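This report concerns only the one structure given below.
In the working numbering, the protein residues as written are 1288 to 2298.
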């Protein structure tokens, strides 16, 4: 089977089907009632008892009395692979909650930590009163990762649902905070009473046995009572050749009482989890149906479901030990036969484990490829690596079918050196071209590894040999980072389109490097591609001016895995920290990342790191000489010349260095060919910045035509990116480029004027509103949230003090007189001073370490080590971020800002002068936000939404002429020419109240719309 992890075809239905209760089963109303009561009163019930104590039967009987759907999962040793455990848990739940199907597989594909996936799966149960039972949970006892998944599922399980764990041993499942909601049932609770023993013996036809004697001898152990292990006078260790007393009883009193053919049948079929006539015949037994029919008449510790027989766990353990005495060769034969049966039933993963147990490695090699790829798809990488290592002795030079999976592991682990070694070994054996010709995926993955190794000739050779298709097309698309010119569309149609396969990850990384930032919003369908491309998504968010989203995704990815992406931490992390103002962390991550980059074998990552170092030297330290030193290793490396993307980026940085050193001619010499090359090759990522730098350099040399043309190229490139963020960053460095371009515009509605407004609205210090430890709620209520939990200082003035300090936008100290002026309307009496001292004291108690007083005598400020944000600063930051976006992304951020502001009045109940001033400032800002949102809604075709937003704007600010122009355009877009004129007349009336009239721009718009 090659289905994805969410495909139910490869799920073993028996594992998620509750075992049947036979008609002769012993009922114990006392135990049933206990379990029913505990399950109804507690979210988690653990049942810890030895094998044969009746755990499974008791829970099944209790479930019959509960009015709850039963989701059952019978665990086995393969479920220590946490991805598999999650998929099976989802399948068990989906039998009763169909809409849950796809939650686990989708989250696994999104590269979430498996414990987090378990939490999402638990939360998806919300609204259901399902009873979830995990049987044989002792199979997970030695796997901290699997127990972590169970703990997360427990932690997030909603109050309506219930979970029961059945285990022979106690499990290290974390239940912190669940104290009152956890109950345990132990051996003593399951032990038989005299009456229960009497009933059980009578039901089994053994009324001749004294129940009291049975209880004394067995301690109430259900299996011991029913099967009389205690009765034999010879019941000692060593009986029947067994070390285990129960096994001795099973040998002498059960197995030895059968004829040799029945004994052989039971021992031989012990390899089967469930015995059927077909399964028995598959392991070499004949006349299986008649043999099983005969066994039905014997009193055995087994259960029957039609023609299916399941041995009691302890009985099967005994039979497997007997089987082990037959010799390794016989065991291998039986396990191999069972594996073939599993394969024929579509259960290839279980079959693979049986083949490994049988040491049938040659057969395992023949069937492993789809199983291996599925494990990699669901991100069970340790399992995949274990399988590959296990196959080592059986691998031959001619076995190339698994190379694709090995390459997938190498790429997702960012071990490009390992991928190159694989490809080079194939080339040395004369097999590389052969593999590429038969597997486009392998060709694409080899090309990917060669791309990182700085070996473009090998990359081209693999692409030329590769089987035509989307995987090779992905590699060909990535070649645009190397080649000087992009091939015309008629030569390479469709390059850059997602195909749904794993190599979509390479397409996504090429999208980023080529500056196709809008295309990065499309999520690949392949789970492996999602895992491999997630870190590039962070880069895309940063490049489009969405640092808050980038910060959130970055930390989600870092927290999700112990094996952090090198690209993410060594290259994206430094840029992110620099963006939010954490310069020390930016430098630290960049320097710490060098060693990790070296371990990947990626010359491309090394090149990026050098370029970032040079940019930081310029931007953060303003040190052109240090920037030049950072570039020297790159310029001396072949990749600095052979990769167009790298060479052009390096030329852009060198041009920026020349500008910083005042050498405009040298800047033009670097920047002009870089801009031309980026345009020829369709490489947009750095083009807006390079073109702005060229515009500045050309102007300084007196070449105004080139300067104007370069500015237009920058704007065109930003439109191609779908974001003005990179352009705005460059214009912030050289605002005169914008000022000169504005002088050429004849209308205030031009794109350059919009850029000017966006640049004015930008705010610095985004780190203060991202990932804050302390958050102040201001709209509709005032509250302080510390690490996600609301704290309540005893004095309301403490909250006002924190709000005042955090909204100053700086961490300069504030003197006590300044605080008295702000918070007490200038009162300087003893009462106000005492009140201020108490406010400071209670704020420090509620939020430790948030204040410090080392800014001078009597001065106070927020401590730099504690990050504080407020709702109002978040609104302003969202507006600033929205300026760099277009379309639905821009509208989304603006609506997020309005959602915060619409929660209610700003700082309700606080009437201090500073609060009134801040309230007025925010009112003006929110008019802009709402007006910008109306424009964005109009641009995306959401006309009704635009009308609603605009109506609020014009009610609050009827003199906003741009709003009336939008009203006219809205009416025209909706085909209502009368409303166009009506909007113009309303504009006239509104402006007349202020002693003015519509501008020439508005009048011209009316003429244009009425033509």
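From the three backbone atoms N, C-alpha and C, an ideal C-beta is built for every residue, glycine too.
Computed from a predicted model, the values in this text were never measured in an experiment.
Next item on the list: Let me know the secondary structure DSSP gives residue 2062 once reduced to three states.
Entry: strand
Notebook entry, point to check: Are residue 1384 and residue 1419 closer than 8 Å when you measure CB to CB?
Noted result: no
Notebook entry, point to check: Across which residues does DSSP place residue 1736 in a beta bridge pair?
Noted result: In DSSP, residue 1736 forms no bridge with anything.
Next item on the list: Note down, in chain order, each residue of its chain lying with its Cβ closer than 7 Å to the Cβ of residue 1718, except the 5 sequence neighbours on either side.
Entry: 1687
Next item on the list: Please check if any C-beta of chain B sits within less than 8 Å of the C-beta of residue 1545.
Entry: This model lacks chain B altogether; it includes just one protein chain.
Next item on the list: Determine, using beta carbons only, whether residue 1423 and residue 1362 come nearer to each other than 8 Å.
Entry: yes
Notebook entry, point to check: In three-state terms, what does DSSP make of residue 1785?
Noted result: coil
Item checked: Beta-carbon proximity list for residue 1934, same chain, < 7 Å, skipping 5 on both sides -> 1927 and 1928
Next item on the list: Determine the direct distance from the alpha carbon of residue 1562 to that of residue 1593, and round the result to whole angstroms.
Entry: 11 Å
Check: By DSSP, does residue 1665 sit in helix, in strand, or in coil?
Finding: coil
Next item on the list: For residue 1598, write down the residues that DSSP places opposite it in a beta bridge.
Entry: 1589
Next item on the list: Please confirm if the stretch 2165-2182 is in contact with the stretch 2193-2206, defined as three or more CB-CB distances below 8 Å between the two stretches.
Entry: no
Notebook entry, point to check: Along the chain, where does the beta strand (DSSP E) that runs through residue 1887 open and close?
Noted result: Looking at the DSSP string, residue 1887 is not in any beta strand (DSSP E); the run it does join, the alpha helix (DSSP H), is 1870-1887.
Check: Any chance the stretch 1744-1757 sits against the stretch 1715-1734, with 3 or more Cβ pairs inside 8 Å?
Finding: yes
Notebook entry, point to check: Would residue 2161 be called buried (16 or more neighbouring beta carbons within 10 Å of its own) or exposed?
Noted result: buried
Notebook entry, point to check: Which residue from 2213, 1480 and 2012 puts its Cα closest to that of residue 1314?
Noted result: 1480
Notebook entry, point to check: Where does the unbroken alpha helix (DSSP H) through residue 1987 begin, and where does it stop?
Noted result: 1974-1987
Item checked: Top-ranked residue by Cα proximity to residue 1979, from 1995, 1346 and 1884 -> 1995
Notebook entry, point to check: Could you give the residue range of the alpha helix (DSSP H) that holds residue 1707?
Noted result: 1703-1715
Next item on the list: List the DSSP bridge partners of residue 1993.
Entry: Paired residues: none, contrary to the question.
Next item on the list: Leaving out five residues on either side along the sequence, give the residues of the same chain with a beta carbon under 8 Å from the beta carbon of residue 1905.
Entry: 1911, 1914, 1940, 1943, 1944 and 1947
Checklist line | Member of 1399, 1426, 1690 and 1340 whose CA lies at the smallest distance from the CA of residue 1365 | finding: 1426
Checklist line | Separation of residue 2011 from residue 1381, as counted between CA atoms | finding: 45 Å
Check: For the candidate residues 1787, 2284, 1587 and 1356, whose alpha-carbon lies nearest to that of residue 1812?
Finding: 1787
Note to self: Mapping the DSSP letters down to three states, classify residue 1422 as helix, strand or coil.
What the structure shows: strand
Notebook entry, point to check: Got a sec? Which residues, its chain only, sit under 6 Å from residue 1971 by beta carbon, not counting five neighbours each side?
Noted result: 1802, 2004, 2007 and 2008
Next item on the list: Determine the extent of the alpha helix (DSSP H) in which residue 2236 is found, giving its start and end residues.
Entry: 2230-2243
Checklist line | Residue(s) in a DSSP beta bridge with residue 1359 | finding: 1420
Check: Any heavy atom of the ligand SAM closer than 7 Å to the Cβ of residue 1444?
Finding: In terms of ligand content, the structure shown is empty, and the ligand SAM therefore cannot be addressed.
Notebook entry, point to check: In terms of residue numbering, what span does the beta strand (DSSP E) encompassing residue 2072 cover?
Noted result: 2070-2073
Check: Under a Cβ-count criterion, where at least 16 other Cβ atoms within 10 Å of its own Cβ denotes burial, should residue 2116 be classed as buried or exposed?
Finding: exposed
Notebook entry, point to check: Thinking just about the alpha-carbon of each residue, which of 1808, 2167 and 2065 is nearest to the one in residue 1256?
Noted result: The structure shown does not extend to residue 1256, since the chain is modelled only from 1288 through 2298, so no value can be given for it.
Item checked: Per-residue DSSP class, three states only, for residue 1562 -> strand
Note to self: Residues in the same chain with beta-carbon distance under 8 Å from residue 1332, minus the five sequence neighbours each way, listed in chain order, please.
What the structure shows: 1322, 1325, 1326, 1449, 1450, 1451, 1452, 1469, 1470, 1471 and 1472
Note to self: Suppose you measure from the CA of residue 1288 to the CA of residue 1651; what does that come to, to the nearest Å?
What the structure shows: In this prediction, residue 1288 has a pLDDT of 36, which is less than 50 and means its spatial position is unreliable; what the coordinates show is noted afterwards. Going by the C-alpha atoms only, they are around 14 Å apart.
Next item on the list: Hey, could you find the ends of the alpha helix (DSSP H) residue 1344 is sitting in?
Entry: 1342-1352
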